[in-house]
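J.:
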Amino acid sequence: MGGNRKKRDLTPSVATMFQVPRDRRPPSLSQGHTDSGLDSDDGGQHTDPDTPLTKGDLRQLLREATSNIKAYAAVELEKHITSLRTDIETLTARTNQAETHLTEASRRSQFHDQEISRLHEKNTATGGRRGRPQ
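Counting from 1, position 64 in the sequence shown corresponds to residue 64 in UniProt numbering; the numbering is continuous, with no gaps.
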């Protein structure tokens, strides 16, 4: 019985055989990221996934997360600014085009009014009456 016990202790359990070590930290900490901002007690290296993260690790994670959020926000803001600039340029071009059309229409209208007045004056000066028998 004792032999079976030793043999059984040496045989890994199914759970141990298929257990995959998981590191909860981001790659920068897992790969031994050494940033001077980390606490000097751990040197920025946290290699054992079973050991809880230190204050330095957590501070570094917070710094990285904050930096990433700021970078993401800057990129998104730049996209929106570019989109707004494009919209403004498009609307400005349309406004200019509409003003040009209005100016041309106004000129045509003035010319038309002048032409009608000229024809009316010419017609009344010669005493002509249209459509009435004389």
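Note that the Cβ used here is the ideal one computed from N, Cα and C, for glycine as well.
Since the model is a prediction, treat every value here as computed from it, not as a measurement.
Quick check on D57: does DSSP put it in helix, strand or coil?
T.: helix
J.: For E104 and L84, what's the separation of their Cα atoms in angstroms?
T.: In this structure, the alpha-carbon of E104 lies about 30 Å from that of L84.
J.: On the three-state DSSP scale, how would you describe P50?
T.: Looking at the sequence provided, one finds Asp at residue 50 rather than Pro. Coil at D50, not helix or strand.
J.: If you draw a straight line from the C-alpha of I116 to the C-alpha of T124, how long is it?
T.: 12 Å
J.: Going by other Cβ atoms of all chains shown within 10 Å of its Cβ, with 16 needed for buried, is D50 buried or exposed?
T.: exposed
J.: Measure the alpha-carbon distance for D87 versus I69 and round it to whole angstroms.
T.: Distance between the alpha carbons of D87 and I69 is about 27 Å.
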